[in-house]
Amino acid sequence: MTTTKSTEGPSPALFFQTVNGHMRTAALKSAIELELFSAIAEGHHTPKALAQRCEGSERGLRMLGDYLTVGGFLTKQGEEYQLTPDSELFLTKTSPAYLGPTLNFMLSSPLVEGFKQLTGAVKKGGTVVGEKGTLAPEHPDWVTFARSMVPLMKGPAEWIASWVKENAPDTRKVLDVAAGHGVFGIEIARTLSEADITAQDWPNVLTVARENAQAAGIGKRFHELPGSAFDVEFEKDYDVILLTNFLHHFDVATCDTFLNKVYGSLKAGGFVITVEFIPNEDRISPAAMAEFCLIMLATTPAGDAYVFSEYDRMFRHAGFGESIMQDIPASNERVIITKK
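Using the numbering used here, the letters of the sequence shown correspond one by one to residues -13 to 326.
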């Protein structure tokens, strides 16, 4: 799973590492399905003990465990496996940061099919999985997203809520565009007891956001705006408008038009908070942010991983002033703060 490129000359190592990428995905998926990481956390360290706990064969658990050790998910001393700090935090079911459910979305059929047909998308310049890809109205995959991605978004949502509390403590009226799971708005409501949240999304997706709001105890301050973000009417004078993982799905012209709508709904002095995969201006770093562009090519008609200068121009074109970008701690995403 990991390779070291020789400094003595050309090597096919990167080729084989890339071609065999599907093996890494399958191994991690199997380990999560078997609860292997959780089993090790419970004290089952040998292939024999893991086979009993995970209801598998001793031979199979040894081979999977060795493969995951080579890949950096485990360490091994003698016959005993141990968790790495990352695996303990993100891959054990008792951890609040457990990422197992995210596989339901990240390996969902629309995303996988988009990459199976990547050559066609490269030729066309956009997805060939249906006319609109994952942007088809009320696409069921967004319900999967809403139910699966909370663990990954919890940290960024808490960070943004803290920022709002410190920089806009009088916030009372928040619009969460394409809210999905609703966690970004919910965390603001949990942090500011006077804040009301309006979550906009497709009706089937809002069902999940409503459940999460009720579980968080902010149901009375949670309001729904069902429908397309481009078609529904926004109220005026919002203190904060959240655009989390939304703009990257569309071309620049569509983003420009939508941000004009956002500008008209935000009160003077209010903030737009945008969360996105934003690579550096070279478009190839950091890797996790830069690689996101290919997901947009495979699954949307015209989406992209825009750089900050492009977002800044979009906001200025809509009438906003300066935008400021910050990294979100422990996240592959960045936040843009724009004040009206």
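Every residue, glycine too, gets a C-beta built ideally from N, C-alpha and C. Just so you know, these numbers come straight off a predicted model, no measurement behind them.
- The beta carbon of SER95 sits closer than 6 angstroms to no other beta carbon from its chain once the five residues preceding and following it are set aside.
- Pairwise C-beta distances place the stretch 156 to 172 out of contact with the stretch 104 to 112, as fewer than three of them are shorter than 8 angstroms.
- In the structure shown, the three-state DSSP call for ASP52 is helix.
- As for any beta strand (DSSP E) of minimum length 3 sitting wholly inside the stretch 60 to 101, the runs are 60 to 63, 66 to 69, ordered along the chain.
- The C-beta distance from ASN190 to GLU124 rounds to 6 angstroms, short enough to fall under 8 angstroms.
- A buried status is given to VAL150, since no fewer than 16 other beta-carbon atoms sit within 10 Å of its beta-carbon.
- Contact check for ALA181 against LYS159 passes: the beta carbons are separated by less than 9 angstroms.
- Shown here for GLY250: not one same chain residue has a beta carbon closer than 6 angstroms to its own, the five before and five after excluded.
- The three-state secondary structure of HIS31, taken from DSSP, is coil.
- Bridge pairing for ILE270: absent [DSSP].
- The beta carbon of SER43 sits closer than 7 angstroms to the beta carbons of ALA37 from its chain, once the five residues preceding and following it are set aside; these are given in chain order.
- Between ARG299 and MET311, the C-beta gap is not smaller than 9 angstroms, which leaves the two residues out of contact.
- In its chain, beyond the 5 residues on either side, ALA288, GLY289 have a beta carbon closer than 7 angstroms to the beta carbon of PHE236.
- Taken atom to atom, the span from the alpha-carbon of VAL194 to that of ALA27 is near 31 angstroms.
- Sequence-distant partners of PHE306 (beyond 5 residues in either direction) whose C-beta falls short of 8 angstroms from its own C-beta, in its chain, are LEU245, TYR249, VAL258, THR324, LYS325, LYS326.
- For a cut-off of 8 angstroms, the C-beta gap from ALA291 to HIS234 is around 6 angstroms, short enough to register as a contact.
- Excluding sequence positions up to five before and after PHE101, its CB lies within less than 6 angstroms of the CB of ALA284, all in the same chain and listed in chain order.
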